[in-house]
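Numbering (full-length UniProt numbering), first residue to last: 1 to 191.
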């Protein structure tokens, strides 16, 4: 019975959707020195380009997931005078891949009847930019790339998928470094 459960567990892990996550950092301007964040003003032209992905529902889901994660990392939401400004973008591209025979090689027309081995899918990229509000300089960028058909398989709810993707992007985002906390922590260690 344990063996069957172990095999079933490994199959679930092996079949989990792959979300590739990347980030870029401006090391000369550490993000964790700032305390407050705000969202950039909405760009109405972006909403018209692809209303299937850019809509009020997804906007609310993405912003709420990012807000929750930043607050958990010690940052505070602010208004016009916030230290950091955030913006996100969604890119969706049609992709295709030529799949070989299950044995790993392609037969010629002489050996097999020709068939369509071209698999088409949509690849989505969620990009989240963080820049210094006053200098308007980009200081951190994180993005995730995944096949939409794989991520949304089995009727997964968009809220759950978006939260998962945002959490993976912000996994590399540094927590706020409060100088007062480090002094208090140093005092506690010395005493």
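Glycine included, each C-beta is placed from N, C-alpha and C at the ideal position.
| task | Specify the secondary structure class of residue 129 as computed by DSSP and reduced to three states. | result | For the purposes of this step, residue 129 is taken as residue 129 along the chain shown, with counting starting at 1. Three-state result, residue 129: strand.
| Looking at C-alpha atoms only, which residue of 178, 61, 42, 57 is the closest neighbour of residue 163? | Counting from one through the chain shown, the residue named residue 163 turns up at place 163. Minimum Cα-Cα distance from residue 163 among the listed residues 178, 61, 42, 57 corresponds to 61.
| said: I want to check one thing, is the minimum distance from the CB of residue 75 to the heavy atoms of the ligand MG below 7 Å? | reply: Judged by which ligands are present, the structure shown has none, so any question about the ligand MG falls away.
| query | Do residue 169 and residue 21 have their CB atoms nearer than 8 Å? | reply | Against the chain shown, residue 169 aligns to sequence position 169. Against the chain shown, residue 21 aligns to sequence position 21. Yes; because the gap between Cβ atoms is below 8 Å, this pair is in contact.
| task | To the nearest angstrom, report how far apart residue 159 and residue 121 are at their CA atoms. | result | Counting from one through the chain shown, the residue named residue 159 turns up at place 159. Counting from one through the chain shown, the residue named residue 121 turns up at place 121. Their Cα atoms are separated by approximately 21 Å.
| said: For residue 138 and residue 26, I'd like the C-alpha separation in whole angstroms. | reply: Reading the chain shown from its first residue, position 138 is the one you call residue 138. Reading the chain shown from its first residue, position 26 is the one you call residue 26. Between residue 138 and residue 26, the C-alpha separation is close to 8 Å.
| request: Please check the pair residue 32 and residue 176, which I expect to be a contact at CB under 8 Å, by giving their CB distance rounded to whole angstroms. | output: Sequence index remark: in the chain shown, residue 32 carries index 32 (1-based). Sequence index remark: in the chain shown, residue 176 carries index 176 (1-based). A Cβ-Cβ distance of about 6 Å is found for the pair residue 32 and residue 176, placing them in contact under the 8 Å criterion.
| task | For residue 81, count neighbouring Cβ atoms within 10 angstroms of its own Cβ and tell me buried if that reaches 16, exposed if not. | result | The sequence position of residue 81 within the chain shown is 81, counting from 1. So residue 81 ends up on the exposed side.
| field | Nearest-angstrom Cα separation, counted from residue 97 out to residue 70 | value | Taking the chain shown and counting its residues from 1, one reaches residue 70 at position 70. Taking the chain shown and counting its residues from 1, one reaches residue 97 at position 97. Using only the alpha carbons, I get a separation of about 37 Å.
| request: Can you say whether residue 84 is buried or exposed, counting buried as having 16 or more other CB atoms within 10 angstroms of its CB? | output: In the chain shown, the residue the question calls residue 84 occupies position 84. Buried is the call here.
| field | Helix, strand or coil at residue 79 according to DSSP, with G and I counted as helix | value | Counting from 1 along the chain shown, the entry for residue 79 is found at position 79. The answer is coil: DSSP assigns residue 79 none of H, G, I, E or B.
| Among residues of its own chain, excluding the 5 on either side of residue 93, which ones have a beta-carbon nearer than 6 Å to its beta-carbon? | As a position in the chain shown, residue 93 is number 93, starting the count at 1. Sequence-distant Cβ neighbours of residue 93 in its own chain, meaning closer than 6 Å and more than five residues away, are 123.
| message | Counting C-beta neighbours from all protein chains within 10 Å, is the total for residue 65 16 or more, i.e. buried, or is it exposed? | response | For the purposes of this step, residue 65 is identified with residue 65 of the chain shown, where counting begins at 1. Within a 10 Å sphere around the beta-carbon of residue 65 sit 16 or more other beta-carbons, which makes this residue buried.
| said: Do residue 125 and residue 75 have their beta-carbon atoms positioned less than 8 Å apart in this structure? | reply: Position 75 of the chain shown holds residue 75. Position 125 of the chain shown holds residue 125. No, these two residues do not count as a Cβ contact at 8 Å.
| request: Would you grab the beta carbon distance between residue 19 and residue 54 for me? Rounded to a whole angstrom, and I think it's under 8 Å. | output: Counting from one through the chain shown, the residue named residue 19 turns up at place 19. Counting from one through the chain shown, the residue named residue 54 turns up at place 54. The Cβ separation is near 20 Å, so there is no contact.
| query | Any idea which residues DSSP pairs residue 89 with across the strands? | reply | By 1-based counting over the chain shown, the position of residue 89 is 89. Looking at the DSSP assignment, residue 89 forms a beta bridge with 127.
| query | Can you check whether the CB of residue 140 is closer than 8 Å to the CB of residue 173? | reply | As a working mapping, residue 173 is identified with position 173 in the chain shown. As a working mapping, residue 140 is identified with position 140 in the chain shown. Yes; because the gap between Cβ atoms is below 8 Å, this pair is in contact.
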